[in-house]
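Working notes, structure below.
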Amino acid sequence: MCGIFGYVGGKDSVSILIEGLKKLEYRGYDSAGIATISNKKIHLEKSVGKIADLESIVSSKSRISHIGLGHTRWATHGQPSKENAHPHLDCTGSIALVHNGIIENYEELKRALCAKGHVFRSQTDTEVIVHLIEENIRHGLENAVKLALKKLKGSYAIGVLYKNNPDKIIVARKGSPLVIGIGEKENFISSDIPAMVKYSSRIITLEDGDIATVTKSKVKIFSATKTSIKREETLISWDPISAEKSGYAHFMLKEIHEQPKAIIDTIKDIVDPSKKNIKFKHLNLKEKDISNIKRVVLTACGTSWHSALIGEYYLEYYAKIPSEVEYAAEFRYRMPIVDKNTLVIAISQSGETADTLGAIQEAKKHGAKVISICNVFSSSIVRESDGVIYTMAGPEIGVASTKAFTTQVAVLFLLSIFLGRKKNRLSKAKFLSRLSSLFEIPHKVEQVLASEDKIEKIADKYCNANNALYLGRGEGFPAALEGALKLKEISYVHAEGYPAAEMKHGPIALIDENMPVVVLALAGRRYEKILGNIEEVNARGGRVIALATEGDRLITKKAKDVIFLPKTRETLSAILAVIPLQLLAYYIAIKRGCHVDQPRNLAKSVTVE
Ligand code: M6R
4 MCGIFGYVGG
14 KDSVSILIEG
24 LKKLEYRGYD
34 SAGIATISNK
44 KIHLEKSVGK
54 IADLESIVSS
64 KSRISHIGLG
74 HTRWATHGQP
84 SKENAHPHLD
94 CTGSIALVHN
104 GIIENYEELK
114 RALCAKGHVF
124 RSQTDTEVIV
134 HLIEENIRHG
144 LENAVKLALK
154 KLKGSYAIGV
164 LYKNNPDKII
174 VARKGSPLVI
184 GIGEKENFIS
194 SDIPAMVKYS
204 SRIITLEDGD
214 IATVTKSKVK
224 IFSATKTSIK
234 REETLISWDP
244 ISAEKSGYAH
254 FMLKEIHEQP
264 KAIIDTIKDI
274 VDPSKKNIKF
284 KHLNLKEKDI
294 SNIKRVVLTA
304 CGTSWHSALI
314 GEYYLEYYAK
324 IPSEVEYAAE
334 FRYRMPIVDK
344 NTLVIAISQS
354 GETADTLGAI
364 QEAKKHGAKV
374 ISICNVFSSS
384 IVRESDGVIY
394 TMAGPEIGVA
404 STKAFTTQVA
414 VLFLLSIFLG
424 RKKNRLSKAK
434 FLSRLSSLFE
444 IPHKVEQVLA
454 SEDKIEKIAD
464 KYCNANNALY
474 LGRGEGFPAA
484 LEGALKLKEI
494 SYVHAEGYPA
504 AEMKHGPIAL
514 IDENMPVVVL
524 ALAGRRYEKI
534 LGNIEEVNAR
544 GGRVIALATE
554 GDRLITKKAK
564 DVIFLPKTRE
574 TLSAILAVIP
584 LQLLAYYIAI
594 KRGCHVDQPR
604 NLAKSVTVE
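Per this note's numbering, the sequence shown starts with residue 4, numbered consecutively.
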């Protein structure tokens, strides 16, 4: 949801800003801009569209500057246009500001500022901030920012430049992420860590309420209570190459292929080398806390919500703990019934999703213990939770989440068998056999990836369909939901996921010869039932694409196309099944000419409600 990048140091700020913004483009890509200072003047360049459009504008100008701020936008208030693109200037053109978040009381503030004679050039909520700073600039830049922030309701991460202080950037955050990267006689600011890894591995994550002054040699941070404070520096181990496409056409494709490694890295971070014991490094749950857990609530959004659904099956099956899944945005505003005996598990790739963060805060208000499953170190969700289990997927840049999903499911599996063991509801022998099944999954994912050509051919056949149904049972149902979401978000084809048995209660009316129906017909307890559902689709002329377990001869007679998956434990088959669904969505989107890594209207981290 909008990306901010800033630089102060001895190098050419323009090229660094453009490069930084390109890495943040997945957070928003409808317009972009940069502000730099040179010759005691603020210089502004903006454009509608991608960073490449902005790059061609700035490269035609030969301006040297050593300080600047950049922004890539995902519109909330005001359509994508040059006027609404950030940075925004005050009336005198002396102060430039970039913002990520939403200012909820901007209309009221704007009215008051207009009455005082301020002239607004955009329809954004953001612009009020820069005029509020202008109102107080006579008190000095830092004080002016502090006074402006006091008037704001809502969320923000901001960066501010002032022509009279050409050596410093002021940053502040409340409810939206912002990190500072420490360099040698240079410093950087960014909305997130993946964009920073190329420049610095020494990261300071600002806390809500923090305001910082960043010069090339110093970072001074003040807390909400205005006292100067020291925030811990974190050393990030992500290698810069992991944030590049490494020869793949798209980040999404690269990330699909990274799943065997991402899953094994995640498992190895949790299971000791003997492959017999599970140790969560940052779970922060004492034996007593675990024995007190009477109920689990899993909460998340989007793809992470789908992995939560699989987690619910696992927790009930292996740990016998009553569990339920809540959309984070619904949970937080529903006066949920949770208490100190409820374990809330918040799942998020980015660790910055505003609704999930809000759900955690709500759960804590009611006394629940909250742990998160997260891919980004020291992100807001991690810091808000009592404990965390990290997925070791590495940076996920593609807007369509892939490796985050499969690693989250692996973590949920491990957590469930761990709790099952702790609560004495799973025998040691069963625990060990489940663990060894999970260790086989990365290799089996590799085997599924080997079917890529076949999946591309299937995509060829179905890429012109305008609708699709995805059906599954058990853990296959969340996997079906995830397959449908992948198709929707990157190819703009209307797709719905359903529990296969529910089809006859309504969606069956949609089936005709134009409707591709992807059915997860995997070996296990529900296989016979799902065959029945396939017959129902065939009887109405639907075209079935089945995902089946290798060795299943019957299925080839019943489905138009079949993608075979290696045999595995039934509970783990969802991890394997989702891989062809990711690839199918990817190739359909490519064949429809869609921009896979930056689908329209979407942003990678949804940091607004
Ligand atoms: O970073 P998070 O896991 O909290 O993000 C949640 C959703 O916004 C995210 O999964 C979204 O649905 C993706 N576009 C799905 O591919």
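Where is the CB? At the ideal position from N, CA and C, for every residue including glycine. Computed from a predicted model, the values in this text were never measured in an experiment.
If you count every other CB in all the chains shown that lies within 10 Å of the CB of residue i, and 16 or more means buried, which is it?
i: proline 325; result: exposed
i: tyrosine 316; result: buried
i: histidine 253; result: buried
i: cysteine 5; result: buried
i: leucine 155; result: buried
i: tyrosine 336; result: exposed
i: glycine 120; result: exposed
i: glutamine 352; result: buried
i: alanine 55; result: exposed
i: glycine 370; result: exposed
i: asparagine 469; result: exposed
i: lysine 134; result: Correcting the residue identity first, residue 134 is histidine in this sequence and not lysine. The residue in question, histidine 134, is buried, as its Cβ has 16 or more Cβ neighbours within 10 Å.
i: valine 122; result: exposed
i: threonine 574; result: buried
i: glutamine 601; result: buried
i: asparagine 190; result: buried
i: proline 519; result: buried
i: proline 276; result: exposed
i: glycine 479; result: buried
i: leucine 488; result: buried
i: aspartate 33; result: buried
Could you check what DSSP says for residue i in three-state terms: helix, strand or coil?
i: valine 190; result: Note that residue 190 is asparagine in the sequence shown here, rather than valine. Three-state result, asparagine 190: strand.
i: lysine 171; result: coil
i: lysine 44; result: strand
i: threonine 409; result: helix
i: glutamate 236; result: strand
i: valine 385; result: helix
i: tyrosine 159; result: strand
i: alanine 701; result: What is shown of the chain runs 4 to 612, which leaves residue 701 out entirely.
i: threonine 574; result: helix
i: valine 182; result: strand
i: alanine 487; result: helix
i: leucine 392; result: Note that residue 392 is isoleucine in the sequence shown, not leucine. In this structure, isoleucine 392 counts as strand in the three-state DSSP scheme.
i: isoleucine 140; result: helix
i: tyrosine 202; result: coil
i: phenylalanine 567; result: strand
i: glycine 73; result: strand
i: arginine 603; result: coil
i: glycine 309; result: Note on identity: in this sequence residue 309 is histidine, with glycine being the wrong assignment. Looking at histidine 309 - three-state DSSP - the assignment turns out to be helix.
i: arginine 424; result: helix
i: isoleucine 593; result: helix
i: leucine 135; result: helix
i: valine 217; result: strand
i: alanine 303; result: strand
i: leucine 286; result: coil
i: isoleucine 400; result: coil
Take residue i and list the residues in its own chain whose beta-carbon comes closer than 7 Å to its own, dropping the five residues that flank it on each side.
i: leucine 256; result: Tyr589
i: glycine 186; result: Gly12, Tyr202, Ser203
i: glycine 31; result: Met4, Cys5, Gly6, Thr75, Arg76, Trp77, Ala606
i: serine 494; result: Ala588, Ile591, Ala592, Arg595, Cys597
i: glutamate 107; result: Lys156, Gly157
Grab me the residues of residue i's own chain with a C-beta within less than 6 Å of its C-beta, minus the 5 sequence neighbours each way, in chain order.
i: isoleucine 293; result: Lys425
i: tyrosine 321; result: Ser419, Ile420, Gly423, Leu429
i: serine 381; result: Thr208, Thr237
i: proline 263; result: Pro445, Val448, Glu449
i: arginine 528; result: none
i: isoleucine 232; result: Ile224, Ser226
i: glycine 314; result: Leu301, Leu415
i: glutamate 28; result: Ile54, Thr75
i: proline 481; result: His309, Leu312, Ile313
Excluding the five sequence neighbours on either side, which residues of its own chain have a C-beta within less than 8 Å of the C-beta of residue i, listed in chain order?
i: isoleucine 259; result: Thr405, Lys406, Leu452, Ile582, Gln585, Leu586, Tyr589
i: histidine 285; result: Gly390, Val391, Ile392, Tyr393
Any chance you could list the residues with Cβ under 5 Å from a heavy atom of ligand 1, keeping chain order? Cys304, Gly305, Thr306, Ser307, Ser351, Gln352, Ser353, Thr356, Ala403, Ser404, Val609
Where are the alpha helix (DSSP H) runs, 4 residues long or more, that stay fully inside the region 327-380, in chain order? 331-335, 357-368
Which complete beta strand (DSSP E) runs does the region 492-551 hold, if anything under 3 residues is left out? 497-502, 519-524
Please list the segments of the beta strand (DSSP E) lying wholly inside the region 428-482, counting only runs of 3 or more residues, in order along the chain. 470-475
Where are the beta strand (DSSP E) runs, 3 residues long or more, that stay fully inside the region 5-71, in chain order? 6-11, 34-41, 44-51
Starting from the N-terminal side, write out each stretch of the alpha helix (DSSP H) that is 4 residues or longer and does not extend beyond the region 86-127. 109-118
So within the region 219-278, which uninterrupted alpha helix (DSSP H) runs reach at least 4 residues, ignoring any that extend past its ends? 254-260, 262-273
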